[in-house]
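Only one structure is covered here, and it is reproduced in the block below.
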Amino acid sequence: MGLDIMVGHAKGNVPITVLRIEGDIDAATHKTLQDKAAEQVETGATHILLDLGGVNYMGSAGFRAIHAITNMLNKEAAPGLSKSPYLKLLGPTDAVARVIKTLGFDVYLDIYQDRDEAIASY
Amino acid sequence: MGDEQAFDLSVKANLECLKKVRQYISQTATRLGVNNEALGDLLLVVDEAVTNVVIHGYGDDEGQVEVQMQADGDAVSIQIRDRAETFDNSHVNAPQLDTELKDRPFGGMGIFLIRKMTDEAEFMARPGGGNEIHLLKRDAITR
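Protein chains in written order, with my numbering: chain A, 567 to 688; chain B, 62 to 204.
Printed below as a string of structure tokens:
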């Protein structure tokens, strides 16, 4: 009933840590994601791509985790409403994408369906 | 309380029950012919409501949460009830969608999503203690 997270690395203009998530992100599992991201940031990750292709369900707890990860990476305050250059999302299902929009997270985070395009955007 | 209708699903309220609750919603939705878009919304709102019961309602206490879902014409209605402390959500503010993410407070998203993704959401105190939520999603069943 947990969450599987695979850590990968990709080379864009900067080194990118790719977290491929498999499972449902709810109040029971969101901390697994948050802790895994924190572990990566502590060991030097500065740019993270969250691959949501294996996530069938994400509730508000998942967005709390994403919010926390955004704050971990956005150490310097960017003026005004701007998208994070450090955290991006890949491949959300239609249902997850709808919640992202409803909660207004698409204003802060770039969302890609194509992995190469996502990597090249950093 | 003796005349209360029995609900289809009664589970121990803890974070591990969330997956079971979503399975019940998915299975019932398939039986009722609920369309995919409505199913996505219903999974979300019921998960959020039950999460609130577990975290804010019972907290460290033990208790049951019960869920019932049925068709109502082309709509779907869902009832969720518990015996947790009465929860007043009138003070829960909607998340500030126009604020820089780092300045946005954590939380408050669950109640916002429940109201946003249903056509009716009624929260009431239950006679004898606890809470009951009635949710209605219109045009959920495509015939």
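For every residue, glycine included, the Cβ atom is placed at its ideal position computed from N, Cα and C.
Within the continuous beta strand (DSSP E) that includes residue i, where are the two ends?
{"i": "residue 577(A)", "result": "570 to 577"}
{"i": "residue 178(B)", "result": "Per DSSP, residue 178(B) belongs to no beta strand (DSSP E) and is neither H nor E."}
{"i": "residue 583(A)", "result": "581 to 588"}
{"i": "residue 649(A)", "result": "That residue, residue 649(A), is in no beta strand (DSSP E); it is neither H nor E in DSSP."}
{"i": "residue 611(A)", "result": "No beta strand (DSSP E) contains residue 611(A), which DSSP labels as neither H nor E."}
{"i": "residue 139(B)", "result": "136 to 143"}
{"i": "residue 192(B)", "result": "192 to 198"}
{"i": "residue 626(A)", "result": "No beta strand (DSSP E) contains residue 626(A), which is instead part of the alpha helix (DSSP H) from 626 to 639."}
{"i": "residue 72(B)", "result": "70 to 73"}
{"i": "residue 655(A)", "result": "653 to 656"}
Which value, in whole angstroms, describes the spacing of the CA atoms of residue i and residue j?
{"i": "residue 636(A)", "j": "residue 197(B)", "result": "34 Å"}
{"i": "residue 140(B)", "j": "residue 176(B)", "result": "15 Å"}
{"i": "residue 682(A)", "j": "residue 623(A)", "result": "24 Å"}
{"i": "residue 597(A)", "j": "residue 178(B)", "result": "25 Å"}
{"i": "residue 594(A)", "j": "residue 676(A)", "result": "26 Å"}
{"i": "residue 170(B)", "j": "residue 85(B)", "result": "23 Å"}
{"i": "residue 576(A)", "j": "residue 662(A)", "result": "24 Å"}
{"i": "residue 654(A)", "j": "residue 187(B)", "result": "44 Å"}
{"i": "residue 204(B)", "j": "residue 603(A)", "result": "44 Å"}
{"i": "residue 117(B)", "j": "residue 79(B)", "result": "15 Å"}
{"i": "residue 591(A)", "j": "residue 120(B)", "result": "20 Å"}
{"i": "residue 182(B)", "j": "residue 620(A)", "result": "31 Å"}
Can you check whether the C-beta of residue i is within less than 8 Å of a C-beta belonging to chain B?
{"i": "residue 574(A)", "result": "no"}
{"i": "residue 592(A)", "result": "yes"}
{"i": "residue 687(A)", "result": "no"}
Spatial neighbours of residue i within its chain, please: CB distance less than 7 Å, with the 5 preceding and 5 following residues excluded, ordered by chain position.
{"i": "residue 132(B)", "result": "93, 202"}
{"i": "residue 579(A)", "result": "688"}
{"i": "residue 75(B)", "result": "115"}
{"i": "residue 570(A)", "result": "588, 589"}
State yes or no: is the beta carbon of residue i nearer than 8 Å to at least one beta carbon in chain A?
{"i": "residue 109(B)", "result": "yes"}
{"i": "residue 170(B)", "result": "yes"}
{"i": "residue 177(B)", "result": "yes"}
{"i": "residue 70(B)", "result": "no"}
{"i": "residue 105(B)", "result": "yes"}
{"i": "residue 174(B)", "result": "yes"}
{"i": "residue 208(B)", "result": "Because chain B spans 62 through 204 in this model, residue 208(B) falls outside it and cannot be assessed."}
{"i": "residue 147(B)", "result": "no"}
{"i": "residue 76(B)", "result": "yes"}
{"i": "residue 112(B)", "result": "yes"}
Which residue marks the beginning of the alpha helix (DSSP H) containing residue i, and which one marks its end?
{"i": "residue 29(B)", "result": "In the structure as shown, chain B begins at 62 and stops at 204. Residue 29(B) is therefore absent and cannot be evaluated."}
{"i": "residue 133(B)", "result": "No alpha helix (DSSP H) contains residue 133(B), which is instead part of the beta strand (DSSP E) from 125 to 133."}
{"i": "residue 669(A)", "result": "No alpha helix (DSSP H) contains residue 669(A), which DSSP labels as neither H nor E."}
{"i": "residue 187(B)", "result": "Note, residue 187(B): premise wrong, no alpha helix (DSSP H); not H, not E."}
{"i": "residue 685(A)", "result": "681 to 686"}
Counting only the same chain and skipping the five closest in sequence on each side, list residues whose C-beta sits under 8 Å from that of residue i.
{"i": "residue 82(B)", "result": "70, 72, 107, 108, 111, 126, 128"}
{"i": "residue 606(A)", "result": "573, 583, 585, 614"}
{"i": "residue 679(A)", "result": "656, 657"}
{"i": "residue 102(B)", "result": "178, 179, 198"}
Leaving out five residues on either side along the sequence, give the residues of the same chain with a beta carbon under 6 Å from the beta carbon of residue i.
{"i": "residue 200(B)", "result": "135"}
{"i": "residue 659(A)", "result": "none"}
{"i": "residue 193(B)", "result": "142, 185, 187"}
- Quick one: which residues of the segment 78 to 91 of chain B get their C-beta closer than 7 Å to a C-beta of chain A? List them in chain order. 79, 80, 83
- Query: For the segment 646 to 673 of chain A, which residues have a CB atom closer than 7 Å to at least one CB atom of chain B, in sequence order?
  - Reply: Residues 647, 661, 664, 665, 668, 669, 670.
- Task: Please list the residues of the segment 622 to 635 of chain A that have a C-beta atom closer than 8 Å to any C-beta atom in chain B, keeping them in chain order.
- Result: 623, 625, 626, 627, 629, 630, 633, 634
- Task: May I ask you to list, following chain order, the residues of the segment 115 to 127 of chain B that have a beta carbon less than 8 Å from some beta carbon of chain A?
- Result: 115, 116
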